[in-house]
Amino acid sequence: MSTLARIRGNGEATAYAVLAVVGLAAAAGGIYYGVFVDGGRVGPGFLPVLAGGLTAVLCGWIALRSVHGQPSHRPGGAAAGAGPHAAEGTDLMESGADDDVDISGRTRRERIRNLWKVFGLTLGAILLVQVVGFLAAFGGLVFVISTWVERQALLKSAVIAAVATGLIYGAFGLFLHVPLPGGLLGVGTEG
Numbered sequence: 000m001s002t003l004a005r006i007r008g009n010g011e012a013t014a015y016a017v018l019a020v021v022g023l024a025a026a027a028g029g030i031y032y033g034v035f036v037d038g039g040r041v042g043p044g045f046l047p048v049l050a051g052g053l054t055a056v057l058c059g060w061i062a063l064r065s066v067h068g069q070p071s072h073r074p075g076g077a078a079a080g081a082g083p084h085a086a087e088g089t090d091l092m093e094s095g096a097d098d099d100v101d102i103s104g105r106t107r108r109e110r111i112r113n114l115w116k117v118f119g120l121t122l123g124a125i126l127l128v129q130v131v132g133f134l135a136a137f138g139g140l141v142f143v144i145s146t147w148v149e150r151q152a153l154l155k156s157a158v159i160a161a162v163a164t165g166l167i168y169g170a171f172g173l174f175l176h177v178p179l180p181g182g183l184l185g186v187g188t189e190g
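Put into structure tokens, the structure is as follows:
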């Protein structure tokens, strides 16, 4: 069976492979906007190329690892969620331990579901940019992911969303002078 066929048969690998392709598309699109501008300054395409490239490499690597069944490891050599049996050298399959629970207590199925939720929410936020503007769509995305996917408290999620939105505005609008789409509401940095 080919690696591509294994990726299609594995939900987690499929999700990460899709994200790797999205990362490649972001990197390719960023090149179009220019990675550097006159005088060697960072251009508007720098961050999409960097973030898209890193996303493509890391998600592609995770997709391949999940296909080939390499377990995640915690510092100290015990598999993630393996419990005391792994530390004693007992085979996890023989002990009946669920080695597929992450550090947050999520099963593999929950992690895949959350990954698809984030993917769908991101697509929705991209579509909302034309209506509410980039900053509002991004802040809303961070807030919804924090409350719905990560199940954080509303106040904590609001603070996280506000700080993340402020950092994006500071980095792109104020420091790099990159216009951010304002949408129909006109909330952005477009000139």
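The opening residue of the sequence shown carries number 0 in numbering that gives the first Met the number 0; numbering runs sequentially from there.
Yeah, the Cβ is synthetic: ideal placement off N, Cα and C, and Gly gets one too.
Boundaries of the alpha helix (DSSP H) around P47: 45 to 66. Within the same chain, Cβ atoms closer than 8 Å to the Cβ of I125 are found at A136, the five residues on either side in sequence being excluded. Note that the segment 48 to 65 touches the segment 18 to 35; at least 3 beta-carbon pairs, one per stretch, sit closer than 8 Å.
When only Cα atoms are considered, D99 and V36 end up about 47 Å apart. DSSP places E11 inside the alpha helix (DSSP H), whose first and last residues are 10 to 32. F142 and A170 have their C-alpha atoms some 19 Å from each other.
F174 is not bridged by DSSP to any residue. Under a 10 Å Cβ-count criterion, A152 is classified as exposed, with fewer than 16 other Cβ atoms of the shown protein chains found around its own Cβ. Only residues of its own chain outside the window of five on either side were considered, and among them A26 have a CB closer than 6 Å to the CB of G52, listed in chain order.
Straight-line measurement puts the Cα of R105 at about 16 Å from the Cα of S145. A Cβ-Cβ contact shorter than 7 Å links F133 with L179. Within the same chain, Cβ atoms closer than 6 Å to the Cβ of A160 are found at G138, V141, F142, the five residues on either side in sequence being excluded. Rounded to the nearest angstrom, the gap between the Cα atoms of Y168 and G28 is 21 Å.
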